[in-house]
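One structure below.
In my numbering, the protein residues as written are 44 to 465.
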C-alpha cells in the first residue's frame with residue numbers, strides 16, 4: 044500500500060454538495076448542478092486521489108425552464124443495491140421564503156453511464172433526499188430535510204424525516220417519522236444514514252451553507268430512533284477557525300475502502316478577500332471510529348485540512364489542474380454546460396464558420412426561460428477568449444457569467460463608440 048499526499052479541494056471550482064459511493068473498485072462522486080444542464084456531474088476514481096469527469100446523469104429527464112437562479116437540481120445522492128444504481132435528487136421550482144416549492148425524485152440505472160429511468164416522484168415536504176438500503180432488514184428508507192412553511196418560525200429547516208420506500212410499488216409507504224429536530228446550530232439538512240457495529244448513524248449538515256456550515260452526527264439502535272447526539276458535535280466545522288484555508292465546510296458523506304479505511308467528502312470554499320469566487324468545492328478527509336462508536340476526523344480534531352494523506356494500492360501522484368481549450372470544431376466539448384436547456388440548433392451553432400460558436404436567442408440572460416450563454420464549471424481564475432461582436436443588429440450584448448456574478452458590455456453599433464461596461 045502507498046500513502047499519497049493530497050491537496051484539498053480534490054474537485055475545484057463549482058462542485059457543491061458532494062456525495063460519494065464505492066462500487067467494487069471504483070469510487071464515484073456526484074455534485075449538485077442547480078440550473079445548469081446536463082445535470083448531476085459524475086466524477087470517477089480508482090484511488091480517491093485523482094478524479095475524472097465520467098458522465099452526466101440528468102439530461103432528458105428534467106425540465107428546468109422557469110426555475111429560479113440557484114434553484115433546480117439540489118443535493119443528489121447515489122447508492123447501489125440489487126444490481127442497480129439509485130439516485131435521488133430535489134428539483135427546486137421556487138425558493139422564496141417562507142415557501143419552497145420542492146419535489147424529490149428517484150431514478151435508477153444498471154450502469155452509471157445509463158440509460159437512466161424516468162423519474163419516480165417521492166415527496167415534496169422538504170429537500171436533500173437520501174435513500175438508505177438496510178441490509179439488516181431488507182427495507183429501503185428515505186430521509187430528507189423537513190421544511191417549515193409557517194411565518195413565525197425563524198428556523199425553516201425543522202428537522203429530518205424518515206419514511207419507508209416500497210421498491211415494488213415504486214413509492215413511499217407507511218408512517219413518516221421525525222427522527223431528528225436538529226441542534227442549536229439550526230438549518231439542519233443534507234441527511235445520510237449509515238449502519239455500523241449495531242448502530243444506525245445519521246449524518247447531517249447544520250449552521251447554513253455560509254461560515255457556520257458544519258457536520259453533525261447522531262446514532263440510534265433503531266432506525267426510527269431515538270437518536271443520540273454526538274457529545275462532541277460538530278465533528279467538522281471551520282466556523283471557529285478563521286485562519287483555515289477551507290471555509291464553509293459541511294455536507295458530509297462517507298465511503299469505506301476495500302482495506303477498511305473510512306473517508307468523508309464535504310463541501311468547502313476558499314475565500315479570497317472575503318468572497319468565494321470559485322463557489323463551493325469538494326474536499327476529502329480520512330475519518331475513524333472511536334472505541335465508543337463515534338466518528339472523528341483523523342489527525343485534526345474538527346478542523347478541515349488542506350493537505351491530507353490517502354492510502355492507495357498503486358503508485359500515483361495527485362494530478363495538477365489541466366488547461367481547457369475548445370476551438371468549437373463540431374460538437375461542444377463535455378466541459379460546457381447550458382442554463383436550463385441543453386444546447387440545440389435553435390440557439391447554439393458551432394458550424395456557422397470554422398473555430399466559432401454562435402449563441403443567442405434575442406433574450407436577456409437574466410430570464411428564467413431561455414438561455415443565451417454556456418457555462419463551463421471552471422476552476423482556473425484566468426482565461427482568454429475571442430468574440431465576434433458585430434451582427435448587423437442595433438445592439439449587441441456580451442455577458443460573462445461567473446457563478447453568481449456577471450459582467451456585461453453594451454456596444455452600440457455606431458462605430459462602436461461610447462462603449463459602456465458594468
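Beta carbons are placed, not taken as given, at the ideal position from N, Cα and C, and that holds for glycine.
Residue i - DSSP class collapsed to helix/strand/coil
{"i": "residue 155", "result": "coil"}
{"i": "residue 270", "result": "coil"}
{"i": "residue 210", "result": "coil"}
{"i": "residue 344", "result": "coil"}
{"i": "residue 234", "result": "strand"}
{"i": "residue 374", "result": "coil"}
{"i": "residue 166", "result": "strand"}
{"i": "residue 46", "result": "strand"}
{"i": "residue 352", "result": "strand"}
{"i": "residue 2", "result": "No statement about residue 2 is possible, as the shown extent of the chain runs from 44 to 465 and does not include it."}
{"i": "residue 385", "result": "coil"}
{"i": "residue 176", "result": "strand"}
{"i": "residue 405", "result": "Its pLDDT being 49, under 50, residue 405 is placed unreliably in this model, and the coordinates cannot settle the point."}
{"i": "residue 94", "result": "coil"}
{"i": "residue 217", "result": "strand"}
{"i": "residue 415", "result": "Because residue 415 sits at a pLDDT of 49, beneath the cut-off of 50, its placement in the model cannot be relied upon, and the following sentence gives the value as read from the coordinates. The answer is coil: DSSP assigns residue 415 none of H, G, I, E or B."}
{"i": "residue 193", "result": "coil"}
{"i": "residue 253", "result": "coil"}
{"i": "residue 335", "result": "coil"}
{"i": "residue 276", "result": "coil"}
{"i": "residue 239", "result": "strand"}
{"i": "residue 202", "result": "strand"}
{"i": "residue 451", "result": "Caution is warranted here: a pLDDT of 43 is assigned to residue 451, below 50, making its placement in the model unreliable, and the coordinate value is therefore given only provisionally. The answer is strand: DSSP assigns residue 451 an E or B state."}
{"i": "residue 380", "result": "strand"}
{"i": "residue 101", "result": "strand"}
For residue i, the first and last residue of its enclosing beta strand (DSSP E)
{"i": "residue 59", "result": "Here residue 59 belongs to no beta strand (DSSP E), and DSSP marks it neither H nor E."}
{"i": "residue 107", "result": "Where residue 107 is concerned, there is no enclosing beta strand (DSSP E), given that its DSSP letter is neither H nor E."}
{"i": "residue 68", "result": "Run containing residue 68: none; DSSP gives neither H nor E here."}
{"i": "residue 183", "result": "183-190"}
{"i": "residue 249", "result": "242-249"}
{"i": "residue 87", "result": "82-88"}
{"i": "residue 260", "result": "257-263"}
{"i": "residue 74", "result": "Element bounds for residue 74: n/a, residue is neither H nor E."}
{"i": "residue 130", "result": "127-137"}
{"i": "residue 120", "result": "115-124"}
Residue of the options minimising C-alpha distance to residue i
{"i": "residue 187", "options": "195, 202, 179 and 177", "result": "202"}
{"i": "residue 340", "options": "53, 280 and 287", "result": "280"}
{"i": "residue 245", "options": "360, 255 and 221", "result": "221"}
{"i": "residue 59", "options": "253, 377 and 44", "result": "253"}
{"i": "residue 90", "options": "84, 107 and 71", "result": "71"}
{"i": "residue 286", "options": "108, 349, 267 and 335", "result": "349"}
{"i": "residue 176", "options": "243, 307 and 154", "result": "243"}
{"i": "residue 67", "options": "50, 351, 283 and 302", "result": "302"}
{"i": "residue 131", "options": "167, 172, 166 and 161", "result": "172"}
{"i": "residue 319", "options": "328, 289 and 64", "result": "289"}
{"i": "residue 140", "options": "197, 273 and 210", "result": "197"}
{"i": "residue 257", "options": "129, 239, 225 and 331", "result": "225"}
{"i": "residue 229", "options": "200, 210 and 213", "result": "200"}
{"i": "residue 94", "options": "101, 100 and 86", "result": "86"}
{"i": "residue 170", "options": "146, 179 and 183", "result": "146"}
{"i": "residue 384", "options": "63, 107, 51 and 61", "result": "107"}
{"i": "residue 265", "options": "357, 109 and 180", "result": "180"}
{"i": "residue 381", "options": "97, 80 and 210", "result": "80"}
{"i": "residue 101", "options": "121, 88 and 304", "result": "121"}
{"i": "residue 142", "options": "192, 353 and 48", "result": "192"}
{"i": "residue 379", "options": "99, 113 and 49", "result": "99"}
Within 7 Å, strictly: CB atoms of residue i and residue j
{"i": "residue 208", "j": "residue 185", "result": "yes"}
{"i": "residue 325", "j": "residue 291", "result": "no"}
{"i": "residue 83", "j": "residue 111", "result": "no"}
{"i": "residue 315", "j": "residue 294", "result": "no"}
{"i": "residue 298", "j": "residue 65", "result": "yes"}
{"i": "residue 127", "j": "residue 149", "result": "no"}
{"i": "residue 77", "j": "residue 115", "result": "yes"}
{"i": "residue 249", "j": "residue 262", "result": "no"}
{"i": "residue 178", "j": "residue 260", "result": "no"}
{"i": "residue 355", "j": "residue 104", "result": "no"}
{"i": "residue 183", "j": "residue 152", "result": "no"}
{"i": "residue 282", "j": "residue 255", "result": "yes"}
{"i": "residue 247", "j": "residue 267", "result": "no"}
{"i": "residue 19", "j": "residue 133", "result": "Because the chain spans 44 through 465 in this model, residue 19 falls outside it and cannot be assessed."}
{"i": "residue 61", "j": "residue 74", "result": "yes"}
- Can you give, in chain order, each stretch of the beta strand (DSSP E) that sits fully within the region 285-330 and has at least 3 residues? 290-299 and 305-312
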